[in-house]
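A.B. asks: FYI, in my numbering the residues of the sequence shown are 52 to 597.
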Amino acid sequence: MEGENPPKKPRLNEHEPSTSASKSAKADEEDSAQAQGCEEDDDSENCTICMEPWTNSGEHRIASLKCGHFFGLACIERWLKSVNSHGCPNCNEKAQKRDIRVHFTLRLKAIDTSERDRALKDLAHAQGQLRQVQLDYKTLQVQNKLQSDEIEQLKRLCQANRSLTDSVGVSSLSSSLMVSTKGGKPVGARALRYVKQLDIIRSILDDSGSRDRYCRLMAFNEVHAMLIVTQPSFTALAPGFGIRRINMLDRKVGTFMALHKDSIRDMAFHPTRHDQLLSVSQDKSVRLTNVNSGQEIQRYSCDSEVWSCAWDRDNPHQFFIGTRRSEIWLYDTRETALDPKMKLEFPAVERRPIISLAYVQKDASSQFKMGGLLVMTLGSLWFFAQNPADANSYAPHRLKPSEPFWSMRFDNDLRLLLISTRPNPHSRHIVGSLTQIEVPESENQCSLIEMYNKKRGGSYTERSFLKACIFRDDQRAILVYGRGSSGSDHKMVLEELGTEKILQEVRVPRPILDIAKFSVNGEHFVAALCECQVFIYQWMENTENS
52 MEGENPPKKP RLNEHEPSTS ASKSAKADEE DSAQAQGCEE DDDSENCTIC MEPWTNSGEH
112 RIASLKCGHF FGLACIERWL KSVNSHGCPN CNEKAQKRDI RVHFTLRLKA IDTSERDRAL
172 KDLAHAQGQL RQVQLDYKTL QVQNKLQSDE IEQLKRLCQA NRSLTDSVGV SSLSSSLMVS
232 TKGGKPVGAR ALRYVKQLDI IRSILDDSGS RDRYCRLMAF NEVHAMLIVT QPSFTALAPG
292 FGIRRINMLD RKVGTFMALH KDSIRDMAFH PTRHDQLLSV SQDKSVRLTN VNSGQEIQRY
352 SCDSEVWSCA WDRDNPHQFF IGTRRSEIWL YDTRETALDP KMKLEFPAVE RRPIISLAYV
412 QKDASSQFKM GGLLVMTLGS LWFFAQNPAD ANSYAPHRLK PSEPFWSMRF DNDLRLLLIS
472 TRPNPHSRHI VGSLTQIEVP ESENQCSLIE MYNKKRGGSY TERSFLKACI FRDDQRAILV
532 YGRGSSGSDH KMVLEELGTE KILQEVRVPR PILDIAKFSV NGEHFVAALC ECQVFIYQWM
592 ENTENS
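1) Quick check on the DSSP output: the beta strand (DSSP E) that includes W358 runs from which residue to which?
2) Check each candidate in H480, K552, Q147, N438 and name the one with the smallest Cα separation from S458.
3) Can you give me the C-alpha to C-alpha distance between P140 and L191, rounded to a whole angstrom?
4) For L131, report the span of its alpha helix (DSSP H) as first-last.
5) Given a threshold of 16 other Cβ atoms within 10 Å of its Cβ, counted over all protein chains shown, does L517 qualify as buried or as exposed?
6) Identify every run of the beta strand (DSSP E) within the stretch 379 to 451, keeping only runs that are complete inside it and at least 3 residues long; order them along the chain.
7) What residue range is occupied by the uninterrupted beta strand (DSSP E) comprising Y265?
8) Taking the beta strand (DSSP E) that S352 falls in, what are its first and last residues?
9) Is the stretch 555 to 563 in contact with the stretch 581 to 589, if contact means three or more CB pairs nearer than 8 Å?
10) For Q245, count the other beta carbons within 10 Å of its own beta carbon; 16 or more makes it buried, fewer makes it exposed. Which is it?
11) Quick one: measure Cβ to Cβ for T281 and I294, integer angstroms, because I've assumed they're closer than 8 Å.
12) Out of L389, P391, I252, S377, point me to the one whose CA is closest to I406's CA.
13) Is P61 helix, strand or coil by DSSP?
14) Taking three-plus beta-carbon pairs below 8 Å as touching, is the stretch 383 to 395 in contact with the stretch 408 to 421?
15) Can you tell me whether S226 is buried or exposed? The criterion is at least 16 other CB atoms within 10 Å of its CB, across all chains shown.
16) Taking just the CA atoms, how far does I315 sit from L381?
17) Roughly how many whole angstroms lie between the Cα atoms of K145 and C118?
18) When the Cα atoms are used, what is the spatial distance from N366 to N463?
19) Less than 8 Å between C-beta atoms, sequence neighbours within five positions excluded: which residues of the same chain meet that for P439?
20) Round the Cβ separation of Y461 and Y445 to the nearest angstrom and send it over; I've been treating them as touching at under 8 Å.
21) Determine whether the beta carbon atoms of L3 and I529 lie at a separation below 8 Å.
22) Assign M102 to buried or exposed, taking buried as 16 or more other Cβ atoms, counted over all protein chains shown, within 10 Å of its Cβ.
23) Does DSSP put A578 in a helix, a strand or coil?
24) How about S115 and T164: are their beta carbons less than 8 Å apart?
25) Between which residues of its own chain and R523 is the CB-CB distance below 8 Å, once the five residues before and five after are set aside?
26) Going along the chain, which residues of its own chain have a beta-carbon closer than 7 Å to the beta-carbon of V274, five neighbours each way excluded?
27) Go ahead and label S344 buried or exposed: buried means 16 or more other beta carbons lie within 10 angstroms of its beta carbon, across all protein chains shown.
28) Cα separation between A319 and A361?
29) In angstroms with no decimal places, state the Cα-to-Cα distance between C209 and M269.
30) Is the Cβ-Cβ distance between D354 and S332 less than 8 Å?
31) Taking V342 as part of the beta strand (DSSP E), name the residues at either end of that continuous run.
32) When burial is assigned at 16 or more other CB atoms within 10 Å of the CB, is S484 buried or exposed?
33) Buried or exposed: where does G179 fall if 16 or more other Cβ atoms within 10 Å of its Cβ makes it buried?
34) Let me check understanding here. Comparing Cα to Cα, which of I521, N97, R449 lies closest to T486?
Given below as structure tokens:
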């Protein structure tokens, strides 16, 4: 039919993609998703906190929270412990430490750290064993030191027992100190023989002529065979006072060792630690020094000048000092506060300086058994007896001699006390022994039996008479003291106790300021200290005809 229109063919929509274009778009989407998946896989191998790979063991093993995010175990634990943390680091969902779950995943690419963890565990175990070994070593060191101190104390007790006399009375002492014979030959055949002169300092007086520029004191260390001499320093860069060491094995003088800024008044070696020297000075200080290395171990400051010192032989950790203000202080080297442990009080006011201290060691086998401290001032002599029930309690007792004193020495082996007075026309040396204290409560005195009393004339300037010492030769005791005027004729006199017999007189070119006796390898020596030299004499058989 002519009037009818033919049917229209449908046309393609210009905006509708073709089949090939659709396939291409789908391929691009799949590639993008695959790439994104690879990136997520890569991210899943690392902890999102530290960005380090997970491990299958140890502290960084894989763990998750209840929200499903994965982390290293140690990292998420630290995250939840931090102050600013409120939950998951990724989604911030609230979480606590109890929400942590440890996982084992099949696709986890973990680093095998089992060997490392095992090695770290073994290292920690080895370090623990090392610390235990070091602790045991320190413990053994302390035990060894305590046993060594005990051995030294037992040695001293044995030596004291060997040299113990049967009685300390006047008659018994005189008979025991008489000249005896041995093998048909009189003991008196021995005498002092000159060995060597050792120069300590080059000059005697400084520009002002001060007597403080002399050598002053001596002390001997039997273990190290070392003689210590005090002297001033003559170096302008290091002024002060110190010591010089003399090795008595080869008789060589060592180098100078500075100790104090002012004169050294007294010094004493430690009774068991033989390399430690205690020194006191007018610079108001007390110093403990290692004489081998020259290092200062400890220094104590005082309010006044310190004139004397002594070690507690019953407790080697303690020492006493005496000051110019007549104060007695007890120190303990174990205390770190550097303050005195206690003060020993006089029963009455004492204003004279304490010039000498000597400790009397306890001896149960002697007639005078108690221990305590002998104290000498310029005009009085005291004994502070230690309370057997309380080691920190001392009872003062006034001794009878009352002289213008100068020095004091106590021999713990012979149990003899030697007292020297100041230079005057009636100067003397007093040798005595202590007896048990049995006095009324109203008196603070104990007896001192005088066994030897050397009276002699002199002058106020005779310095050689100030110091003396006692040494034992077989069964007799010999007193050694200096004699001579200030100008010339200086002598060292040897006199036998009990008989008042002068055994020998040795001429010395200068005034004698100190006398020391000591033994080296079984041989006996006497040292005389002058202003700038030390003269060494040996006690040996007299080959000359008397």
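Heads up, the beta-carbon is just placed ideally off N, CA and C, and yes, glycines get one too.
C.D. replies: Reading it off the structure:
1) Walking along the sequence shown from the start, residue 358 turns up at place 307. Taken as a continuous stretch (DSSP letters only), the beta strand (DSSP E) holding W358 covers 357 to 362.
2) Residue numbering aside, residue 458 sits at position 407 when the sequence shown is read from its first letter. Of the candidates H480, K552, Q147, N438, the one whose C-alpha sits nearest the C-alpha of S458 is H480.
3) In the sequence shown, residue 140 corresponds to position 89, counting from 1. In the sequence shown, residue 191 corresponds to position 140, counting from 1. In a straight line, the C-alpha of P140 is about 54 Å away from that of L191.
4) Locating residue 131 in the sequence shown gives position 80, counting from the first residue. L131 -> alpha helix (DSSP H) spans 124 to 132.
5) Indexing the sequence shown from 1 puts residue 517 at position 466. Under this definition L517 is a buried residue.
6) 379 to 383, 393 to 395, 405 to 411, 423 to 428, 432 to 438, 441 to 450
7) Here residue 265 refers to the residue found at position 214 when the sequence shown is read from its first residue. Run containing Y265: none; DSSP gives neither H nor E here.
8) Position 301 of the sequence shown holds residue 352. 347 to 352 is the extent of the beta strand (DSSP E) around S352.
9) yes
10) Translated into the one-based positions of the sequence shown, residue 245 becomes position 194. Note that residue 245 is Tyr in the sequence shown here, rather than Gln. Y245 is exposed by the Cβ-count criterion.
11) Position 230 of the sequence shown, counting from 1, holds the residue named residue 281. Position 243 of the sequence shown, counting from 1, holds the residue named residue 294. Right, the Cβ-Cβ distance comes to about 6 Å (below 8 Å), so this counts as a contact.
12) Within the sequence shown, residue 406 is the residue found at index 355, counting from 1. The option with the nearest alpha carbon to I406 is S377.
13) Taking the sequence shown and counting its residues from 1, the one referred to as residue 61 is at position 10. Below a pLDDT of 50, predicted positions are generally treated as unreliable, and P61, at 46, falls in that range; no measurement from the model is reported.
14) no
15) Along the sequence shown, read from residue 1 onward, the residue named residue 226 stands at position 175. Annotation note: pLDDT 39 at S226 (below 50); position unreliable, coordinate value reported separately. By the 10 Å Cβ count, S226 comes out exposed.
16) Position 330 of the sequence shown, counting from 1, holds the residue named residue 381. Position 264 of the sequence shown, counting from 1, holds the residue named residue 315. Their Cα atoms are separated by approximately 19 Å.
17) One-based indexing of the sequence shown puts residue 145 at position 94. One-based indexing of the sequence shown puts residue 118 at position 67. Answer to the nearest angstrom: the Cα atoms are 9 Å apart.
18) Within the sequence shown, residue 366 is the residue found at index 315, counting from 1. Within the sequence shown, residue 463 is the residue found at index 412, counting from 1. The alpha-carbon atoms of N366 and N463 are separated by roughly 15 Å.
19) As a working mapping, residue 439 is identified with position 388 in the sequence shown. Same-chain partners within the cutoff: M421.
20) Here residue 461 refers to the residue found at position 410 of the sequence shown. Here residue 445 refers to the residue found at position 394 of the sequence shown. Checking the displayed sequence, the identity of residue 461 turns out to be Phe instead of Tyr. Incorrect: roughly 16 Å between the Cβ atoms, too far for contact.
21) Residue 3 is absent from the structure shown; the chain starts at 52 and stops at 597.
22) Looking up residue 102 in the sequence shown gives position 51. Exposed, by the Cβ-count rule.
23) Along the sequence shown, read from residue 1 onward, the residue named residue 578 stands at position 527. Of the three classes helix, strand and coil, the one that applies to A578 here is strand, per DSSP.
24) For the purposes of this step, residue 115 is identified with residue 64 of the sequence shown, where counting begins at 1. For the purposes of this step, residue 164 is identified with residue 113 of the sequence shown, where counting begins at 1. It is not a contact, given that the beta carbons lie outside the stated cut-off.
25) One-based indexing of the sequence shown puts residue 523 at position 472. The residues are S214, D464, L465, I529.
26) For the purposes of this step, residue 274 is taken as residue 223 along the sequence shown, with counting starting at 1. Taken in chain order, the residues that qualify are H325.
27) The count along the sequence shown starts at 1 and reaches residue 344 at position 293. S344 comes out exposed.
28) As a working note, residue 319 is residue 268 in the sequence shown. As a working note, residue 361 is residue 310 in the sequence shown. The straight-line gap from Cα to Cα measures roughly 7 Å.
29) Position 158 of the sequence shown, counted from the start, is the residue given in the question as residue 209. Position 218 of the sequence shown, counted from the start, is the residue given in the question as residue 269. Answer to the nearest angstrom: the Cα atoms are 26 Å apart.
30) By 1-based counting over the sequence shown, the position of residue 354 is 303. By 1-based counting over the sequence shown, the position of residue 332 is 281. Their beta carbons are not under 8 Å apart, which means D354 does not touch S332 by this criterion.
31) As a first step, residue 342 must be located in the sequence shown, where it is residue number 291. Segment: none, V342 is in no beta strand (DSSP E) and carries neither H nor E.
32) Translated into the one-based positions of the sequence shown, residue 484 becomes position 433. Per the 10 Å Cβ criterion, buried.
33) Numbered from 1 along the sequence shown, position 128 holds the residue referred to as residue 179. When all chains shown are included, G179 counts as exposed.
34) Residue mapping note: residue 486 aligns to position 435 of the sequence shown, counting from 1. Among I521, N97, R449, the Cα nearest to that of T486 belongs to R449.
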